[in-house]
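The structure under discussion appears below in the form of structure tokens.
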Amino acid sequence: MKRLLVLLLFLATPAMAADWYFSDCATYCQDGAVAIGTGACTGAGTDINNPICLDWDNDGSDEGWGYVQDGTAPEVGSGDTVYLCCGDCDGAGTCTHNQDDVITIQNAGPVTVSGYPGETVTYDGGSTVADYTLGVVRHVYVTVETYDDWTFQNYNLQHYQSYFFHALNAPDGWTIQNMTMKWLDALQDDSSVGDTSTCGKGYAGDTYGIYFRTGNPSGAPTATLTIANIDMHSICKFALRFNSLSNGTAIIVEDNTFYNMAGVTNGFNNSGQRIRRNTVYDVEVPFSEEWGTIDLIIEDNIIECRGTYNMDSGRCQQAIQINESDNPPGEIDGICNDIIIRRNKIIGYASSGQGSWYSGITYLCECLDSNGCVTLNATIENNFLQRIVPNITGGTCLGPRHGLSLITNKPVTVRHNTIRESSLGMIICGNGTVAHNVYGNIIEDPLDALPGVWIEA
103 MKRLLVLLLF
113 LATPAMAADW
123 YFSDCATYCQ
133 DGAVAIGTGA
143 CTGAGTDINN
153 PICLDWDNDG
163 SDEGWGYVQD
173 GTAPEVGSGD
183 TVYLCCGDCD
193 GAGTCTHNQD
203 DVITIQNAGP
213 VTVSGYPGET
223 VTYDGGSTVA
233 DYTLGVVRHV
243 YVTVETYDDW
253 TFQNYNLQHY
263 QSYFFHALNA
273 PDGWTIQNMT
283 MKWLDALQDD
293 SSVGDTSTCG
303 KGYAGDTYGI
313 YFRTGNPSGA
323 PTATLTIANI
333 DMHSICKFAL
343 RFNSLSNGTA
353 IIVEDNTFYN
363 MAGVTNGFNN
373 SGQRIRRNTV
383 YDVEVPFSEE
393 WGTIDLIIED
403 NIIECRGTYN
413 MDSGRCQQAI
423 QINESDNPPG
433 EIDGICNDII
443 IRRNKIIGYA
453 SSGQGSWYSG
463 ITYLCECLDS
473 NGCVTLNATI
483 ENNFLQRIVP
493 NITGGTCLGP
503 RHGLSLITNK
513 PVTVRHNTIR
523 ESSLGMIICG
533 NGTVAHNVYG
543 NIIEDPLDAL
553 PGVWIEA
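Basically the working numbering = 1-based index in the sequence shown + 102.
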């Protein structure tokens with residue numbers, strides 16, 4: 103009986119995780135004489151000294167590690183790590199791999215895809231300044247929400263048509279970290295993003311660096327997603343778009359750098375977002391969240407209008423905006439609820455050749471009793487805003503054009519914010535008389551004779 107028990111335990115032991123190695127060293131199937139999948143190459147690539155050649159069919163471009171995600175064995179499995187190398191996997195190389203097709207995720211994790219420690223690996227999608235519609239549409243694509251727990255880290259991406267990472271049905275437990283991503287869609291170099299009304303239409307519809315959404319908002323999965331320590335710049339439209347992640351519990355965007363783009367975040371019907379400790383500059387509307395935004399914290403970010411990328415006063419617009427104005431009819435209840443905006447530093451410049459924000463923080467949310475919406479839990483506190491210089495005369499409740507714009511029909515808390523060297527410090531607008539909890543704010547060194555606080559019923 104004891105021997106039988108030992109045997110059963112042995113048979114139930116799961117397969118050990120494997121490390122896979124891919125490189126441009128061309129030491130495996132380098133002559134293209136034997137096609138992957140015929141058997142000759144099966145099982146190779148798990149030896150650090152014999153990595154799979156990324157250009158395994160010898161056509162001059164890199165099929166990439168999609169070989170172990172093509173539905174035919176060998177395939178990556180739970181606990182595996184895919185290492186991307188430059189030449190030998192020795193931690194000393196620098197290289198660019200030319201991706202020739204989209205890598206589609208076809209298995210659940212946990213799986214990690216990583217540049218080999220110490221090596222600088224770049225994946226290039228092949229688009230050019232002359233014709234950005236050429237090249238690969240996406241780096242990674244996933245359509246199945248159960249393909250959870252993937253991590254991508256420690257390599258770089260450049261020259262893609264439309265997305266770096268694209269998830270149509272948001273999987274759970276993804277992490278994207280320690281990467282540089284640049285040159286997307288019509289913008290394939292470091293020039294200014296230009297007119298955002300025409301930028302980003304090179305492919306079918308708008309484009310986003312990292313796009314996570316679910317096709318069924320009412321049945322949205324519980325989404326956890328971490329985007330950390332990435333440097334993303336020189337792209338059309340938005341760096342990150344999250345749509346209908348309404349059951350999200352931990353959507354983390356932290357310790358990143360974003361610049362030269364239309365927006366960093368732009369989404370709706372999401373919950374559980376934490377946007378913190380990011381550095382953002384020369385972005386038209388850095389953080390924008392629309393209808394259905396629940397349980398959101400934006401904190402400890404540095405947001406600047408430096409003017410490095412021709413960001414004049416017409417380009418730097420609203421640094422942080424919570425705006426339910428695009429809300430579909432009948433879906434007002436519970437929107438813009440449980441919002442905290444705190445300890446952010448928003449700086450604009452007004453000297454020649456540089457730009458200035460025309461609005462620092464905008465909270466534009468309506469809550470209707472007739473739809474069952476009684477309160478909006480919102481706190482805006484301990485933010486520092488300097489040089490908010492809108493190109494307007496006089497105060498107005500028609501739009502966000504101030505250091506801090508509060509346009510809502512329910513009480514919210516605004517406290518201990520400092521607004522310095524701005525044309526109009528704070529505007530408070532309400533549908534009727536609203537007793538907001540506003541105290542301890544400092545408005546100093548105004549640039550003109552407008553009042554520090556403009557209040558309209």
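Where a beta carbon is used, it is the ideal one built from N, C-alpha and C, also for glycine.
Note that the coordinates shown come from a computational prediction; the quantities given were computed from them, not determined experimentally.
- Of all alpha-carbon atoms in Met528, Glu523, Thr316, Asn479, the one lying nearest the alpha-carbon of Val514 is that of Asn479.
- In this chain, the beta strand (DSSP E) harbouring Asp182 covers 182-186.
- Distance from Ile545 to Met528 at the Cβ level is roughly 7 Å; contact confirmed, criterion being Cβ atoms closer than 8 Å.
- In this model, Val246 and Pro273 are separated by some 7 Å (Cα to Cα).
- Under DSSP, Phe486 forms a beta bridge with Lys447, Thr520.
- Residue pairing by DSSP puts His268 in a beta bridge opposite Tyr243, Tyr313.
- Assignment of beta-bridge partners to Cys407 by DSSP yields Gly450.
- Rounded to the nearest angstrom, the gap between the Cα atoms of Asn280 and Ala341 is 15 Å.
- Runs of the beta strand (DSSP E) lying entirely within the stretch 190-227 and spanning at least 3 residues, in chain order: 196-200, 213-217, 222-226.
- Here Glu401 has Arg378, Arg444, Arg445 as same chain residues with Cβ atoms under 6 Å from its own Cβ, once five neighbours each way along the sequence are excluded.
- Secondary-structure assignment with DSSP links Asp121 through a beta bridge to Thr183.
- Counting every other CB atom within 10 Å of its CB across the protein chains shown gives Val184 a total of 16 or more, marking it as buried.
- According to the DSSP assignment, Cys467 belongs to the beta strand (DSSP E) that extends over 461-467.
- In this structure, Asp121 keeps its C-beta atom at 8 Å or more from the C-beta atom of Cys197.
- Here DSSP, grouped into helix, strand and coil, assigns Trp167 to helix.
- Around the beta-carbon of Tyr225, 16 or more other beta-carbon atoms lie within 10 Å, marking it buried.
- The C-alpha of Ser216 lies about 9 Å from the C-alpha of Val223.
- Residue state for Asp308 is assigned as coil, using DSSP reduced to three classes.
- In this structure, the CA atom of Gln375 is about 31 Å from the CA atom of Ser293.
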